[in-house]
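Reviewing the structure listed below.
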Amino acid sequence: MLGSAPGLSGRWERLEPRPRARMLRQVLHAGLRTSFHALGRFVAGHPVFFASAPVLLSILLGASFSRYRVEEDVESLLAPKHSLAKIEGNLVDSLFPVNRSKHALYSDLQTPGRYGRVIVTTRKGSVLDPVHLDTILKLHRRIYQMQVTDPATGLNSFNYSFSYLCLPDDKNVCIIDDIIRAMEEIQSARTSNRSIPILRYPITQLADGRQAYIGHQLGGVQGWGPSGMVRGPGTGARGEGVRSARALQLTYYLQVRGGLMDRVASQWENAFCTELQHFAALHPKLGLYPSTSSSLRTDFQFSSVLAHRPLLASLGVCGVLAILCCSMRDCVRSKPWLGLLALLSITLSGLTAAGILNLTGTTYNSTYLGIPFVMLGHGLFGSFEMLSSWRRTREDQHVKERVASVFEDVMLRFSGSTMLHLMTLGLAASPLTNMEAVRLFCRTAALAVTISYVYMLSFYSSCLVFTGYLETGYRHGCFCRRVPKPDRLDSKPAWYRCLMHTRYQDEAQMTNPPHGVGHSHAHTPNPNLTHTHAHTHPHTVNNPAVHGHSHVANSTHTHPHPHPHPHTHSPANMDPHPQDSHLLLGCVRRCYGDWITNTYVKPFVVLLYLVYISFGLMGFLQVAQGSDPSALVAMDTATVLYTRAQQRYFSSYSPVIGFYIYESAPYWNSSVQRDLQEYAKGFQRISWLEAYLNYLSDRNQSTSQPRENFTHTLRHSFLREPQFAHFADDIIFAERGQGEEPDVAASRIFLVAKTTENKREEMSVLLDTLRRLSLTSRVRFLIFNPSFVYLDRYAAAVSSPLRHSLLAVLFLLGLSSLAVVEPLVSVWLGLTLLSVQFGVLGFMTLWGVELDCMSVLCLISALGHSADCSGPLLCGFASGRGDSRTRWVRVALERHGVPSLQTLICYSAALVPVGSVRSNLTRTLFRCLTLTAGCSALHTLAFLPTLLTFLPPSKSRGHRPDGEGQRQEVECVEMNDSTRVVDQITTV
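Using the working numbering, you'd call the opening residue of the sequence shown number 25 and step up by one each time.
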């Protein structure tokens, strides 16, 4: 055996385990490459079918846009799908429905199906000044008398006013805000020259003796402090007199009783906004900020309308740059149309995906604006990689062979990248995701990426076949007319010679140096070679005469095996005229590759990476959740303006929090009374229990009474007093036996907390604190406010899809390293994805982007985008053997860095028009995707090329210093490609 030969036993024992460990990867790679080679030949043999079928399918499915529907339930999209707050909200609505309230409603606690709301501010002075107060009451009367007609025309049309649509009280009168009653009392007192009643804040007493909370109705309040001193805004104590107020909030509740009333209420909301616009034009001293139940939905979907033209501009800019990236000085080998055809392929795949969604009844929302950029990044990556591989094939081969070689070289890598996209998007679209907007986006994006992959295999590949035939016939890459030979071209004008510049095959062979001489990286595949070793030996490593043959041919694979395929070179593919090369390729080959691997540049790149990590960590530690839905709507809309006014004037107090005791409790017990009073301590409160206990104390009755006496006095004395009658809405009685007093089955009190600028964060902390208290309390209670639906476990609901996708990708890379990918490639790619994700998350926080559903969608798509850019470079470097690290870094940059750079240029340029859209959603999209492109470019073109020059994998593996390996190489070539034995032996 060879292992027992003297002097060779140690070497063979050392090399024997590695082929065994890599055997499975070799078999899989050989099978996959052979399959893609056959697929490429099949597509090249039927180009008309594969070019026309996607177009026809897209046209047929595009006709389904008549079924286009927009999502109307924004809360289901932006709020966690499964949360305790939603369960609590359903329980509260079953116990205390809005239609059951007959006395007072709190605008930020009870939000019925339809309503109109307006914040009135003054440019100067106070809303309580006589002039402004009269104007506001005039506005109230106009809204009260406003009518809508349904149907708009016809004999059966009816007029509906607010008095018909409103929620009535126990006297069948519309429920209006308490601040209106207080202002009417002030106006009446001024008219009759009576003393003006004192308006207190945040709880005031009305003329009927009832106490009302007006903290959410009066904003920007300055109160009278001790000794008549003025207190600042929001500094008032309980019951403090109001000196001035800058803002007023009014809410008009509508009831919905079926489809007709819902349609009429919708028309009333539109008329409400129109009326406010007209009134604001007549009274410029007042600022009016309306909001309705449909404002959030309308403004959220308005981002899509605003982005129509910028998206078309993005497509145009990307098309121009794609044409330039596919162009060369050589008019025959230049393929500008392939840039446009790549965009056409992506557009057709998007149209097909949209048609499928329409046919399946899927609704659209504005978060889908990010899907075209997911498709664009992935599709451009595949098209530029295919074009780069095409230019490395032998020009003397038939077009079918060249296309088959391109498929064999690129499609394994492109398929692996597509699998990474589908893995990240698919897991985020699973039921594990608790955010409906994220789940729908990822499901739609996964469908679009799949169709884009299929169309790249079919439509774009067919276009590559057609342009290949144009190149074979020496036709102009742009005008498709045959280019004259040099002898006929000399008599033409200079501009014509420049336009028709090319290099004929016979001219190239005459000007080329002898085979094997010259320093070139233009490697071409030989499809007949199935598997050979391409190791460079010590006596040839530093020899420039053979450097052109020391590298593997064509691009490397996404999952490369350790023994790449060498391919012979065609003389026509040696580049004797550097100016004929692609501009970016020439820059990388002659300038950038040498500069980035320079010994004196590497320390600065490492320092730059440390700075990158430092700033990323700085932003990572400041990540804030963005649970406010108004941060995802178009700018300068009613929702944004209303939210800004509310934060400016009504941020002193939290929204009204409902404290619901949903089980029967011994309210007559003094210990229970103390517990409930302790829970409400520190809040501004509207409590029937506290008012009832004070009522008993004022009548010199004990607050600790037997159940029958406590309940009897509550029902027949307390609730029949006019100033306490409104508390009847807050108590539910349950009948007992015949002749017994009923039990208090459930009740509610209202709490309001003092807040600062970080209102939503404080509400989240308050929610968690009171929930923990409810677990240990002997009184079973829950707290609820509609905003809790967005706050409840929002951070976990938003971040879990990103965390699951990242773990899935790392698991896929670890699993594939056992059979498909070289382990070090998986390690490097995993570290790169983590680094890019960490940088994007940190820098977007420093740029003012919060962690909401839109930013998480961008972070999920960033995993696939960074894998597209850095994966080929890592695989190209890892597949090389027998040369220096620096040498293989330069080769990997030439082969895969240039397509990645072309993709990043077109992708970044397409993002620029989107940044001009006046929308918070598109602003988040632009910033996150820009950071994704920037971080991916830094890793692909700077960090990885530098780090790979002194970190594993090593280039010494497989190094064979003696001639035995040489003889084995020649024997392999002789068996597989007997037509080029002489040339190959001469080269060796």
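Every residue gets a Cβ at the ideal spot worked out from N, C-alpha and C, and that includes glycine.
field: Own chain, CB closer than 7 angstroms to L738, minus 5 neighbours either side, in chain order
entry: Taking the sequence shown and counting its residues from 1, the one referred to as residue 738 is at position 714. Cβ neighbours of L738 beyond the five flanking positions: Y716.
query: Given M443, which residues of its chain have a CB within under 8 angstroms of its CB, disregarding the five upstream and five downstream residues?
result: Walking along the sequence shown from the start, residue 443 turns up at place 419. Cβ within range, chain order: L836.
field: Counted within 10 angstroms of its Cβ, other Cβ atoms place T869 as buried (16 or more) or exposed
entry: The residue labelled residue 869 in the question sits at position 845 within the sequence shown. When all chains shown are included, T869 counts as buried.
field: Classification of A45 by the beta-carbon crowding that lies within 10 angstroms, buried from 16 upward
entry: Reading the sequence shown from its first residue, position 21 is the one you call residue 45. A caution first: A45 carries a pLDDT of 46, below 50, which makes its placement in the model too unreliable to give a value.
- request: Consider the C-beta atom of S728 and the heavy atoms of the ligand FMN; say whether any pair is separated by less than 6 angstroms.
  value: As for the ligand FMN, it is missing from this structure, which has no ligand bound.
task: Measure the beta-carbon distance from E264 to R205 and round it to whole angstroms, keeping in mind my assumption that it falls under 8 angstroms.
output: The residue labelled residue 264 in the question sits at position 240 within the sequence shown. The residue labelled residue 205 in the question sits at position 181 within the sequence shown. No, E264 and R205 are not in contact; Cβ-Cβ is about 20 angstroms, not under 8 angstroms.
task: Tell whether a beta-carbon distance below 7 angstroms holds between A821 and V489.
output: By 1-based counting over the sequence shown, the position of residue 821 is 797. By 1-based counting over the sequence shown, the position of residue 489 is 465. No. Outside cutoff.
message: So the candidates are S940, W871, T948 and P976; which of them puts its Cα closest to the Cα of W912?
response: If you number the sequence shown from 1, residue 912 lands on position 888. Considering only alpha carbons, the answer is P976.
- prompt: Does DSSP put S788 in a helix, in a strand, or in coil?
  reply: Against the sequence shown, residue 788 aligns to sequence position 764. Three-state result, S788: helix.
message: Can you give me the C-alpha to C-alpha distance between A337 and R91, rounded to a whole angstrom?
response: Position 313 of the sequence shown, counted from the first residue, corresponds to residue 337. Position 67 of the sequence shown, counted from the first residue, corresponds to residue 91. Those two C-alpha atoms are separated by around 26 angstroms.
field: Sequence-distant residues of the same chain with beta carbon closer than 7 angstroms to L63, five excluded per side
entry: Counting from one through the sequence shown, the residue named residue 63 turns up at place 39. For L63, where only same-chain residues beyond five positions count, the Cβ hits under 7 angstroms are F431.
G379 and G86 closer than 7 angstroms at C-beta: Numbered from 1 along the sequence shown, position 355 holds the residue referred to as residue 379. Numbered from 1 along the sequence shown, position 62 holds the residue referred to as residue 86. Their beta carbons are under 7 angstroms apart, which means G379 touches G86 by this criterion.
- prompt: Can the beta-carbon of A669 be found closer than 7 angstroms to that of I143?
  reply: Counting from 1 along the sequence shown, the entry for residue 669 is found at position 645. Counting from 1 along the sequence shown, the entry for residue 143 is found at position 119. The answer is yes: Cβ separation under 7 angstroms.
message: For T621 and P969, what's the separation of their Cα atoms in angstroms?
response: Taking the sequence shown and counting its residues from 1, the one referred to as residue 621 is at position 597. Taking the sequence shown and counting its residues from 1, the one referred to as residue 969 is at position 945. Taking the straight line from one Cα to the other gives about 7 angstroms.
- request: Report, in whole angstroms, the separation of the C-beta atoms of S373 and S476, which I expect to be a contact under 8 angstroms.
  value: As a working note, residue 373 is residue 349 in the sequence shown. As a working note, residue 476 is residue 452 in the sequence shown. So it is a contact: roughly 4 angstroms between Cβ atoms.
Residue closest to H736, alpha-carbon to alpha-carbon, out of F757, H750 and T474: As a first step, residue 736 must be located in the sequence shown, where it is residue number 712. Nearest option by C-alpha distance: F757.
- prompt: What separation, rounded to the nearest whole angstrom, lies between the Cα atoms of V122 and L191?
  reply: Counting from 1 along the sequence shown, the entry for residue 122 is found at position 98. Counting from 1 along the sequence shown, the entry for residue 191 is found at position 167. About 9 angstroms.
query: What residues in its chain sit with their C-beta under 6 angstroms from that of L375, if we drop five residues either side in the sequence?
result: Translated into positions along the sequence shown, residue 375 becomes position 351. Correct list, in chain order: S82 and G86.
query: Roughly how many angstroms separate the alpha carbons of V664 and L971, rounded to a whole number?
result: Translated into positions along the sequence shown, residue 664 becomes position 640. Translated into positions along the sequence shown, residue 971 becomes position 947. If I take the Cα positions, the gap works out to 47 angstroms.
message: Quick check on F808: buried or exposed, where buried means 16 or more other Cβ atoms within 10 Å of its Cβ?
response: Position 784 of the sequence shown holds residue 808. Looking at its Cβ environment, which holds 16 or more other Cβ atoms inside 10 Å, F808 is buried.
field: Alpha carbon of C198 to alpha carbon of V288, nearest angstrom
entry: The count along the sequence shown starts at 1 and reaches residue 198 at position 174. The count along the sequence shown starts at 1 and reaches residue 288 at position 264. So the alpha carbons of these two residues sit roughly 17 angstroms apart.
message: Taking DSSP's pairing of strands, which residues face G888 in a bridge?
response: Residue mapping note: residue 888 aligns to position 864 of the sequence shown, counting from 1. Answer is none; G888 lacks a bridge partner.
Inside the region 264 to 323 only - beta strand (DSSP E) runs reaching at least 3 residues: 264 to 278 and 310 to 316
- prompt: In the DSSP assignment, what residue or residues form a beta bridge with M878?
  reply: Your numbering for residue 878 matches position 854 in the sequence shown. DSSP lists no partner for M878.
message: I'd like the span of the alpha helix (DSSP H) that includes D202, first residue to last.
response: Locating residue 202 in the sequence shown gives position 178, where the first residue counts as 1. D202 -> alpha helix (DSSP H) spans D202 to T215.
- prompt: Helix or strand or just coil, what does DSSP make of S841?
  reply: As a first step, residue 841 must be located in the sequence shown, where it is residue number 817. Here S841 sits in coil by DSSP.
- request: Starting from L411, trace the alpha helix (DSSP H) both ways and give me its first and last residue.
  value: Here the question's residue 411 lines up with position 387 in the sequence shown. L411 -> alpha helix (DSSP H) spans I395 to R415.
task: Compute the Euclidean distance between the alpha carbons of P221 and A213, then round it to the nearest angstrom.
output: Residue 221 sits at position 197 when you count from the first residue of the sequence shown. Residue 213 sits at position 189 when you count from the first residue of the sequence shown. So the two alpha carbons sit approximately 8 angstroms from each other.
query: Measuring CA to CA, which of E759, L830 and M285 is closest to G888?
result: Numbered from 1 along the sequence shown, position 864 holds the residue referred to as residue 888. Nearest of E759, L830 and M285 to G888, Cα basis: L830.
message: So, with DSSP's three-state summary, where would you put R165?
response: As a working note, residue 165 is residue 141 in the sequence shown. Helix at R165.
- prompt: So, is V356 buried or exposed, given that buried needs 16 or more other C-beta atoms within 10 angstroms?
  reply: Counting from 1 along the sequence shown, the entry for residue 356 is found at position 332. V356 is buried by the Cβ-count criterion.
task: Going by DSSP, name the residue or residues bridged to C198.
output: The count along the sequence shown starts at 1 and reaches residue 198 at position 174. BP columns for C198 point to P192.
query: Counting Cβ pairs, one atom from each stretch, are 3 or more of them under 8 angstroms apart for the region 914 to 925 and the region 408 to 427?
result: yes
task: For T800, decide whether its Cβ has a neighbour in chain C, counting only Cβ atoms nearer than 7 angstroms.
output: No chain C appears in the structure shown, which is made up of a single protein chain.
field: First and last residue of the uninterrupted beta strand (DSSP E) at A770
entry: If you number the sequence shown from 1, residue 770 lands on position 746. Unbroken beta strand (DSSP E) run through A770: D767 to V776.
message: Between L348, Q50, S960 and G904, which has its C-alpha nearest L858's C-alpha?
response: Sequence index remark: in the sequence shown, residue 858 carries index 834 (1-based). Here the closest residue by C-alpha is S960.
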